[in-house]
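Written out below as structure tokens is the structure these notes cover.
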Amino acid sequence: MKVRFWGVRGSIPCPGPETVKYGGNTACIELILDDGRSFIIDAGSGIRELGNYLLKKGEVQKNSIKIFLTHTHWDHIMGFPFFAPMYIAEARIDIFGPRASEKDSLEEIVGGQWTYNYFPVLHKDLAAKVEYIELKEGEYDIDDGLRLKTKLLLHPIACLGYRFEYNGSSFCTVYDTEPFQKKEEIVEFIKDADLLVHDAQYTECEYKSSKAGWGHSYMEYAIEVAKMGRVKKLAFFHHDPERTDSQLDKLSEKYNSSSVNCFFAKEKDIIFLS
Ligand SMILES: [Zn+2]
Ligand SMILES: [Zn+2]
221 MKVRFWGVRG SIPCPGPETV KYGGNTACIE LILDDGRSFI IDAGSGIREL GNYLLKKGEV
281 QKNSIKIFLT HTHWDHIMGF PFFAPMYIAE ARIDIFGPRA SEKDSLEEIV GGQWTYNYFP
341 VLHKDLAAKV EYIELKEGEY DIDDGLRLKT KLLLHPIACL GYRFEYNGSS FCTVYDTEPF
401 QKKEEIVEFI KDADLLVHDA QYTECEYKSS KAGWGHSYME YAIEVAKMGR VKKLAFFHHD
461 PERTDSQLDK LSEKYNSSSV NCFFAKEKDI IFLS
């Protein structure tokens, strides 16, 4: 398996000369299996380029596209209207994700972007065949040989952590979450993962001085749970949009010497899982 990052930021896209190195797009990750099948996690602004890439490769016409939304906050769904396969008649797109509340379905919230208040195309006029599949905390067989486990995280609305397992390798996403008081709860979920992509919007100092309760974690906490779970590689993710390349470089140096193999996720980085 390998993982490619198409968007690594939280909250809002932040393009510009100070974010060129790590990238300015919001959350979007591609998981690619050894046989070439690929799966998408989140539809932040990074999904626009991924859509163009899949079209160019001829993937869209060949296989159905499966997208796993961690939750429906805007930074995780804002790229959808610009995901070109949505406008291709041969495309079949399955959108998985949690229901944010009892009141609104996944389809209502995500599909609600295609109304004239927000966009010039209506959901009913999309060319692709789009289906919405609501997920809860649990275990699922997703595609031939690909197993998915989900865990509810600590965020203002329902947000799922994902654990994909395939051919003895495992890949976990745990972001848009506050730190768990009982660390064992999350350690069990990420145990022995080959790659953990974890929320690292803040430093410990920022979090403890003014950001507790905002729905995100800090780097020192991510390191601690990754270490407890014997994770092989830890990617800091959901970077604060205010964080510049030089600040991320400095933080990278600081955490390089930590006891866990960790790095700050960069747009277009490809990480190979053992
Ligand atoms: Zn977010
Ligand atoms: Zn969120």
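For the sequence shown, the working numbering begins at 221 and goes up steadily by one. Quick reminder that beta carbons are idealized off the backbone N, C-alpha and C, glycines included.
Boundaries (first-last residue) of the beta strand (DSSP E) holding residue i
i	result
phenylalanine 303	Note, phenylalanine 303: premise wrong, no beta strand (DSSP E); not H, not E.
isoleucine 249	248-252
Delimiting residues of the alpha helix (DSSP H) encompassing residue i
i	result
aspartate 314	First-last for aspartate 314: 312-317, but that is the beta strand (DSSP E), not the alpha helix (DSSP H).
isoleucine 267	267-277
isoleucine 329	326-331
lysine 474	465-476
According to DSSP, residues forming a beta bridge with residue i
i	result
histidine 291	According to DSSP, histidine 291 bridges with nothing at all.
histidine 459	Arg229
cysteine 482	Leu454
phenylalanine 492	Lys222
phenylalanine 259	Leu251
lysine 286	Asp314
8 Å contact criterion, which residue i and residue j should meet: CB distance rounded
i	j	result
serine 265	glycine 227	6 Å
histidine 418	serine 437	7 Å
glycine 244	proline 235	4 Å
glutamate 487	tyrosine 242	7 Å
asparagine 387	glycine 365	7 Å
isoleucine 377	alanine 320	5 Å
isoleucine 267	phenylalanine 316	Not a contact, Cβ separation roughly 14 Å.
leucine 471	methionine 448	With a Cβ gap of about 21 Å, leucine 471 and methionine 448 do not count as contacting.
Sequence-ordered residues whose beta carbon comes within less than 5 Å of a heavy atom of ligand 2: Having a Cβ closer than 5 Å to some heavy atom of ligand 2 are His293 and Asp396.
Runs of beta strand (DSSP E) lying entirely within the stretch 397-457, each at least 3 residues, in chain order: List check, beta strand (DSSP E) in window: 415-419 and 454-457.
Completely contained alpha helix (DSSP H) runs for the stretch 343-406, where each covers 4 or more residues: none
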